[in-house]
């Protein structure tokens with residue numbers, strides 16, 4: 001029978017999942033919105049049920065460090081949106097990265113990572129994890145072969161950001177996943193800049209995904225949070241490299257996670273060890289705020305991208321601008337890859353170099369009035385930052401250059417304002433920067 | 001604690017034990033998964049009964065999970081194989097629990113023995129268990145549409161979630177399990193369901209039987225499960241309102257509560 005003669009049932013659309021996945025009206029009160037279950041603990045019906053919850057025989061909640069009903073809605077919803085089997089909500093994007101790494105890596109292990117990373121992630125991999133015996137080799141995110149060449153016998157994870165920070169290198173997820181899988185390793189992707197609306201890395205071959213939910217997912221710059229999603233795709237047993245998932249765990253009565261939980265092995269261990277012992281849980285109030293953001297994610301991302309395209313076009317034509325780096329531009333090295341992996345848009349964060357270098361950049365930023373100068377992206381409001389003096393300030397000039405960051409590079413996060421007002425604000429600031437450095 | 005690996009007819013068979021440390025003379029409970037699945041669907045009840053001190057055998061049918069193939073394409077063959085497994089494990093008079101295709105295996109096994117099955121639980125069952133042509137054809141061609149059909153129809157229309165198991169998107173769990181099946185396995189399973197002869201042996205089942213149906217089950221409608229229960233002399237029916245075929249995912253606690261009664265019979 002020809003391939004096109006088989007037809008799958010239509011699955012629930014993304015926009016519907018963003019509003020409904022993981023939640024039904026509250027059975028006790030009829031509340032339509034997800035209630036905030038601001039409770040540390042949950043009453044056991046009886047002692048046997050309590051033991052069942054602790055021993056993973058029962059579904060339910062014990063203590064909000066391990067799980068919480070509000071958080072569970074968020075976790076299930078992001079799982080649905082990312083096409084993963086399960087997720088865990090944690091205290092921050094950094095906590096999400098740490099939980100992913102610590103669930104499968106131990107002292108003596110090695111990670112191969114893109115060298116174009118968020119500064120906080122770079123700090124974790126470059127400086128902090130080595131103190132715990134986990135080393136990282138950083139490679140060119142545009143070279144899948146470089147990822148492969150850096151893999152050692154003790155490598156346990158391949159990692160990159162879907163859109164590099166701040167250079168916006170597009171990670172060729174299918175190609176890098178193939179390299180990782182050829183070495184029996186999982187690929188972890190930080191998909192913060194794309195959100196599942198613009199890209200679903202698991203569908204492209206990634207095995208694990210994490211987000212800083214602080215950014216576009218919550219979307220309003222009001223909370224700090226992170227999410228780890230397990231695709232359920234990686235065969236930990238076949239790999240033979242992951243004893244935390246395939247050998248008896250003394251910390252849970254010799255449970256062998258891969259044997260008992262199959263495609264959920266990673267996420268069950270992450271919850272039963274990582275959340276239990278490291279404790280970086282998300283507040284249920286934060287989960288509520290992220291859920292409100294997720295409900296409007298599709299329309300917000302469309303607007304973020306539309307505004308970004310207008311601003312990018314304006315800047316690219318401006319005489320005071322040296323260059324603009326946005327993957328949708330034909331001049332960007334990843335233009336074709338972006339069109340293939342991010343067809344709905346390459347996000348709303350990009351960078352440009354202003355003529356006049358560091359002084360012009362400083363004058364420009366100080367003369368903006370609608371754009372806010374701060375250390376964040378993915379807010380409903382437009383934001384601006386100078387990476388060399390903020391997020392990447394620990395990196396010396398050589399390291400900055402290796403990460404593709406010029407000293408005069410300015411990063412913008414385009415919000416949801418009227419794009420004419422954003423362009424007017426940028427125009428005034430560029431004019432004053434040019435005048436000041438003339 | 002790792003499960004057990006035994007040899008049946010020269011092939012490795014994996015048997016999950018729910019991390020139990022039972023006495024060798026403890027009572028036994030056996031779990032048989034459905035089409036395209038493996039023993040991991042029984043994680044919660046397997047762990048529960050293991051903690052209660054029962055000997056747990058959550059089998060991977062041939063060609064599924066960690067058991068070597070090839071798969072069977074007849075329920076009778078699966079039931080006979082199950083008897084060999086229980087003999088090898090020295091598990092007489094087990095409570096036998098099956099879901100979907102596994103319920104047919106349990107049903108046939110119970111009908112084939114007078115002492116080998118002290119209690120029976122049939123979850124999401126139907127006898128016969130016809131399979132639609134589009135699903136059969138897609139499975140025959142190892143097309144992903146077969147997985148999508150089975151997975152979609154196995155969950156209730158309330159599959160937008162609110163899963164009792166925190167953070168789990170059960171649709172993707174079901175999809176991943178089916179994707180793990182080797183080519184041909186799912187089709188063999190569906191063939192076994194589709195050709196099951198419901199009239200062969202039901203009158204000989206005498207043990208206490210639990211039948212669990214989901215009111216929103218699109219694969220094995222609740223009415224079909226009710227018919228199975230009514231055909232048996234000592235059957236108890238539990239109907240889960242709003243629940244689909246994948247009841248182990250959709251209603252893990254209610255399923256376990258129902259099983260406790262019959263397994264401890």
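Residue numbers (this note's numbering), protein chains in the order written: chain S, 1 to 438; chain B, 1 to 265.
Every residue gets a Cβ at the ideal spot worked out from N, C-alpha and C, and that includes glycine.
Every value quoted in this text rests on a predicted model; they were computed, and no experiment measured them.
Distance CB(residue i)-CB(residue j) smaller than 8 Å
i	j	result
residue 433 of chain S	residue 265 of chain S	no
residue 168 of chain B	residue 273 of chain S	no
residue 225 of chain S	residue 89 of chain S	yes
residue 375 of chain S	residue 415 of chain S	no
residue 210 of chain S	residue 97 of chain S	yes
residue 245 of chain B	residue 19 of chain B	no
residue 305 of chain S	residue 423 of chain S	no
residue 221 of chain S	residue 85 of chain S	no
residue 386 of chain S	residue 405 of chain S	no
residue 186 of chain B	residue 139 of chain B	yes
residue 266 of chain B	residue 129 of chain B	A query on residue 266 of chain B cannot be resolved here, the shown segment of chain B reaching from 1 to 265 and no further.
residue 81 of chain S	residue 196 of chain S	yes
residue 99 of chain S	residue 280 of chain S	yes
residue 124 of chain B	residue 247 of chain B	yes
Cβ neighbour criterion (16 or more within 10 Å) applied to residue i
i	result
residue 155 of chain S	buried
residue 1 of chain S	With a pLDDT of 46 at residue 1 of chain S, under the threshold of 50, the modelled position of this residue cannot be trusted, and the question is left open.
residue 94 of chain S	buried
residue 21 of chain B	exposed
residue 183 of chain B	exposed
residue 251 of chain B	buried
residue 32 of chain B	buried
residue 215 of chain S	buried
residue 241 of chain B	exposed
residue 209 of chain B	buried
residue 175 of chain B	buried
residue 230 of chain B	exposed
residue 116 of chain B	buried
residue 149 of chain S	exposed
residue 199 of chain B	exposed
residue 458 of chain S	Examination of residue 458 of chain S is not possible in this model, given that chain S is present from 1 through 438 alone.
residue 64 of chain B	buried
residue 425 of chain S	buried
residue 7 of chain B	exposed
Any C-beta of chain B under 8 Å from that of residue i
i	result
residue 256 of chain S	yes
residue 18 of chain S	no
residue 8 of chain S	yes
residue 273 of chain S	no
residue 232 of chain S	yes
residue 264 of chain S	yes
residue 14 of chain S	no
Beta carbon proximity, residue i to chain S, threshold 8 Å
i	result
residue 107 of chain B	no
residue 152 of chain B	yes
residue 142 of chain B	no
residue 74 of chain B	no
residue 145 of chain B	yes
residue 101 of chain B	no
residue 69 of chain B	no
residue 19 of chain B	yes
residue 149 of chain B	yes
residue 194 of chain B	no
Cβ of residue i within 8 Å of any chain A Cβ
i	result
residue 162 of chain B	The structure shown contains no chain A; its protein chains are S and B.
Are at least three pairs of beta-carbons, each pair with one atom in the stretch 165 to 176 of chain S and one in the stretch 338 to 352 of chain S, less than 8 Å apart? With a cut-off of 8 Å, the stretch 338 to 352 of chain S and the stretch 165 to 176 of chain S count as touching, because enough Cβ pairs lie within range.
Using a Cβ-Cβ cut-off of less than 7 Å, give me the residues of the stretch 31 to 54 of chain B that come near chain S, in sequence order. 38, 40, 43, 44, 47, 48, 51
Give a yes or no on contact between the stretch 351 to 371 of chain S and the stretch 173 to 183 of chain S, applying the rule of three or more CB pairs nearer than 8 Å. no
Please identify, using Cβ separations under 8 Å, the residues of the stretch 235 to 265 of chain B that lie next to chain S, in order along the chain. 252, 253, 256
If the cut-off is 7 Å on Cβ atoms, which residues from the stretch 59 to 72 of chain S count as contacting chain B, listed in chain order? 59, 60, 61, 67, 72
How about the stretch 48 to 60 of chain B and the stretch 84 to 95 of chain B: do they share at least three Cβ pairs that are nearer than 8 Å? yes
Three CB pairs or more closer than 8 Å across the stretch 175 to 194 of chain B and the stretch 32 to 46 of chain S: no
Would you check if there are 3 or more beta carbon pairs closer than 8 Å linking the stretch 63 to 81 of chain S to the stretch 60 to 78 of chain B? no
Pair every Cβ in the stretch 199 to 218 of chain B with every Cβ in the stretch 227 to 242 of chain B, then say whether three or more of these pairs are closer than 8 Å. Here the stretch 199 to 218 of chain B lies against the stretch 227 to 242 of chain B, with 3 or more beta-carbon pairs under 8 Å apart.
Members of the stretch 163 to 176 of chain B near chain S, C-beta cut-off 7 Å: 163, 164, 165, 166, 167, 168, 169, 172, 173, 176
Determine, using beta-carbon pairs with one atom in the stretch 45 to 59 of chain S and one in the stretch 248 to 262 of chain B, whether at least three such pairs fall under 8 Å. yes
Compile a chain-ordered list of the residues in the stretch 234 to 252 of chain S whose CB is closer than 9 Å to at least one CB of chain B. 235, 237, 247, 248, 252
When the Cβ atoms of the stretch 129 to 145 of chain S are set against those of the stretch 103 to 116 of chain S, are three or more pairs found closer than 8 Å? yes
Residues of the stretch 214 to 230 of chain B whose Cβ lies closer than 7 Å to any Cβ of chain S, in chain order: none
Output needed in chain order: residues of the stretch 83 to 95 of chain S with a Cβ under 9 Å from some Cβ in chain B. 83, 84, 85, 86, 87, 88, 89
Any 3 or more C-beta pairs closer than 8 Å across the stretch 256 to 270 of chain S and the stretch 28 to 46 of chain B: yes
Scan the stretch 348 to 366 of chain S for residues whose Cβ lies nearer than 7 Å to a Cβ of chain B and list them as they occur along the chain. Along the stretch 348 to 366 of chain S, none of the residues has a CB nearer than 7 Å to a CB of chain B.
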